[in-house]
Amino acid sequence: MNTHSRIAALLCLALPTAAAAQEPPAAAPAELELPPIVVQSRAFEAARNAIAPALGASRYEIDRTAIATLPQGENARLTDVLLQAPGVVQEAFGDLHVRGDHRNLQYRLNGVLLPEAISGFSQLFDARALRSVSLITGALPAQFGYRTAGIVDMVLRSGIEDTGGAVSLYGGSFGTIQPGFNYGGLAGNVEYFASLSGLASDRGFENPTRGPDGTHNQTLQGRGLVHVAVPVGDSTRLSFIAGTVQARYQVPNTPGLVPGFTAFGQPAFDSADLRAKQVQRSSFAILAAQHATGEVDLQLSTFLRSSSVRYRPDGLGDILFDGFASAVRRESLAYGLQGDAAWRVDENHTLRGGLFLSADTTRNATDSTVLPLDGMGGTIDAPFGIRERSRAEQQLYGLYAQDEWRLAETLTLNYGARFDVVAGTLEASQLSPRANLVWRPDEATTIALGYANYFTPPPAELLGRVDLPRYLGTTLQPSTLRADPVKAERSHYLNLGIRRQFGETLTLGVEAYARTVRDMQDLGQFGRAYIFSPYNYAKGRAYGVEFTADWREGPWRLYGNLSISRSEGKGLVSNQYFWTEAELAQVQRKWVRTDHDQLITGSAGASYEAWEGGAISASLVYGSGMRRGFANSRVMTPYATVNLGFSQRLSLPDGGDWTFRLDVLNLFDRTYLLRDGTGIGVGAPQYGMRRGIFAGISRAI
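Letter by letter, the sequence shown follows residues -21 to -1, 1 to 680 in mature numbering (1 follows the signal peptide of the UniProt record, and there is no 0).
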């Protein structure tokens, strides 16, 4: 595919959201009454933040300035930005593990919860649309439910605060081309912001081979987002947010494999010529009303999220190498209502409460071509099809209430509870108490002790039923003929954190946490399709400690994070057919590490505004390696990657402000494996990205 055809394809992918970004209304001239509107907008932002503060929990914020100075800047994926937060473990395909959990992240956009997409929301957002992103972990207050490993709290850029926009083009290694556009402003009293971007690359999924370039691994992606807000009087604001990502992937191949089966009379096939593909789509829309008056702040929002994944195998090739070929289609539609309120009763008490209602319907379709088995365990060259359809429905109902009680000038207790019910495919409920005690003995020191009882229903968008007897006597026959339904996870969480500021430049922090779990959920990729499936350990535990440091002075900023953690489970109580009999027996009698467990995780970075308009930055990500081998009994090789970035803003004779940037990712070209294809729920080897050199140019408009 040449450069011109790639750009044309990117524009086609972006068409669903292009209308939102075309011909934006002219920004209000400076002489209009902008300051009062700015003041009103900021007042609404402050009121919204006051509704759901993370009091007592651990909050790590990466603001717009920090995003811009990272290598790649606003061209970075949300995942790449979050890897700079403590306790975040890098996973293949943009997935993340936080504090020993697999995914289980709650995405909140301007205070509204978004049900996660089938492929995760890390692919939907890129940094150009975000004013800030925070990772909230620890013992979460009562307003946070369901997905509790971490809260990815995103704040969109504002048409008032970010008036104007930019057009950009970024690209480089691996055939990467990444055009981008964003614009924001005011039309009367209507605030708007829109962003649009595309991506063409020869590196879609992680490469299964150690070389820099993969075989059959192209991707085309388009994503867009629009935000409109309008005040209604002095105390009410209406907001509308919508976004989409459309992505097509080739599934990468491993050359040199030898077929293990014969089908349709053909025993030979070049594994480099496999042509499997996957298409992923996710879209959402939010309509929110915010009311702030006196001592009461309210926000009521409704949301809609649509998500789908379609995997198309190489029919003949997949059968020859795997013994079967499965076309997979999964579609999920979720909608719901969220309400939050805060009432400042007096100087010592702030009451908060709210509700959450959602419904999710997931449709699964699998068409498999399999080979029959003979009486000796061999295969017969007589392929036939098995067609399976299922539907999973899940409703969530939640209520919470809490009191922020100022016990003394330096001591605050934030206590409350939430009650959640899941109905449909799974029926369960729980009352979950929460409490956080925050002590500030002086202006520079904060000590927080928290407890949370969590209730985590399985991800509705990943649920599906399988009729195991239909696969008996075929190459898809599992070694374990048991598939108990996935259960809701219930856990107790303790967190202790200390943060100390030394002067105006240095901040140090340390946090320790421990979690005990019943019916601990985990996810695995079983099969060639890049779709995860959930299962439960009968019991689990995770514990660890995190160290953070941040130093800022003048044009310099240095930061570093180090995490030590352990996550393990025992016994299997759902979807046992994913495992072999030997693995089941091993897990039944002893504790085993979860596949995503990583003992040591680190991140660090530095930035220096060397001269006017110029900045140099560096970042580092370290991992001691996730698990591999039989029952996750072994560990991957440690790795460290270093990234460098340089950017320069210039005012050129055309009157425009231009920004040029140059980035080098994986500076030392370290070859490292995230996964080696062994362990529980790991489909194939997955190598991290080799050295990449990228350059970009953007012009303010």
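We treat Cβ as the ideally placed atom computed from N, Cα and C, and that holds for glycine.
Owing to the predicted nature of the structure, the values given are computational and were not obtained by experimental measurement.
Cβ pair Tyr516, Gly488 closer than 7 Å: no
Ala247 - partner residues in DSSP beta bridges: The partner list for Ala247 (beta bridge, DSSP) is empty, contrary to what the question assumes.
Span separating the alpha-carbon of Ala(-1) from that of Gly592: The predicted model places Ala(-1) with a pLDDT of 31, which falls under 50 and marks its position as unreliable, so this point remains unresolved.
Pair within 7 Å by beta-carbon distance, Ser176 and Gly159: Contact: yes.
Backbone CA spacing between Leu405 and Phe335 [nearest angstrom]: 18 Å
Beta strand (DSSP E) segment containing Arg227, residue limits: Thr215 to Gln229
Local conformation of Asn54 per DSSP, three classes: If DSSP states are grouped into helix, strand and coil, Asn54 belongs with the helices.
Residue environment, Leu316, which counts as buried when at least 16 other CB atoms sit within 10 Å: Residue burial is scored here from C-beta neighbours: Leu316 has fewer than 16 other C-beta atoms within 10 angstroms and is therefore classed as exposed.
Reduced DSSP category for Pro457 - H, G, I as helix; E, B as strand; rest coil: In this structure, Pro457 counts as coil in the three-state DSSP scheme.
As assigned by DSSP and simplified to three states, the class of Ala71: helix
beta-carbon His328 near the ligand GDP non-hydrogen atom, thresh 6 Å: In the structure on display, the ligand GDP does not appear, and there are no ligands present to speak of.
Cβ-Cβ separation, Val621 to Ala597 (assumed contact under 8 Å), whole Å: 7 Å
Integer-rounded CB distance, given that Leu299 should sit under 8 Å from Gly363: Residue identity differs from the one stated: residue 363 is Phe in this sequence, not Gly. Cβ atoms of Phe363 and Leu299 stay farther apart than 8 Å, at about 16 Å.
Neighbourhood of Ile262 by C-beta distance below 6 Å, restricted to the same chain and skipping five residues each side: Checking the displayed sequence, the identity of residue 262 turns out to be Ser instead of Ile. Same-chain partners within the cutoff: Thr223 and Ser285.
Rounded straight-line distance, which links the Cα of Phe184 to that of Arg385: Each residue's CA atom was taken as its position, placing Arg385 and Phe184 some 50 Å apart.
Stretch pair the stretch 537 to 554 + the stretch 69 to 79: three plus CB contacts closer than 8 Å: yes
C-alpha gap between Tyr472 and Ser152, whole angstroms: 44 Å
Sequence-distant residues of the same chain with beta carbon closer than 7 Å to Leu62, five excluded per side: Gln69, Ser582 and Val600
Opening and closing residue of the beta strand (DSSP E) in which Glu383 lies: Phe363 to Ala387
Burial state of His206, where buried means 16 or more other Cβ atoms lie within 10 Å: buried
Reduced DSSP category for Asn89 - H, G, I as helix; E, B as strand; rest coil: Three-state DSSP puts Asn89 in coil, outside helix and strand.
Coil, strand or helix - Ile510 by DSSP: Three-state result, Ile510: coil.
Selected residue, minimal CA-CA separation from Asp293, among Arg649, Gly604, Glu383 and Arg507: Arg507
Neighbour-count burial assignment, Trp558, 16 or more Cβ in a 10 Å radius: Burial check for Trp558: the Cβ neighbour count within 10 Å reaches 16 or more, so the residue is buried.
Beta-carbon proximity check, Asp141 vs Ser113, cutoff 7 Å: Cβ atoms of Asp141 and Ser113: not closer than 7 Å.
Whole runs of the beta strand (DSSP E) within the stretch 583 to 613, excluding any shorter than 3 residues: Here the runs fully enclosed are 593 to 602.
C-beta contact flag for Ser180 and Thr155 at 7 Å: yes
Secondary structure of Glu310, DSSP reduced to three states: Strand, per DSSP.
Distance CB(Glu95)-CB(Ile139) smaller than 7 Å: no
Thr44: first and last residue of the uninterrupted alpha helix (DSSP H) it sits in: Arg43 to Thr48
DSSP three-state assignment for Ile672, whether helix, strand or coil: Judged by DSSP in its simplified three-state form, Ile672 adopts strand.
Helix, strand or coil at Phe557 [DSSP, three-state]: helix
Continuous alpha helix (DSSP H) stretch holding Ile359: start and end: Counting along the chain, Ile359 falls outside any alpha helix (DSSP H), and DSSP gives it neither H nor E.
Residue 681 versus Ile579, Ala271 and Glu383, residue with shortest Cα-Cα distance: No answer is possible for residue 681: the residues shown for the chain start at -21 and end at 680.
Burial state of Met499, where buried means 16 or more other Cβ atoms lie within 10 Å: buried
Residue from Ile265, Ala679 and Asp642 whose Cα sits closest to the Cα of Gly150: Asp642
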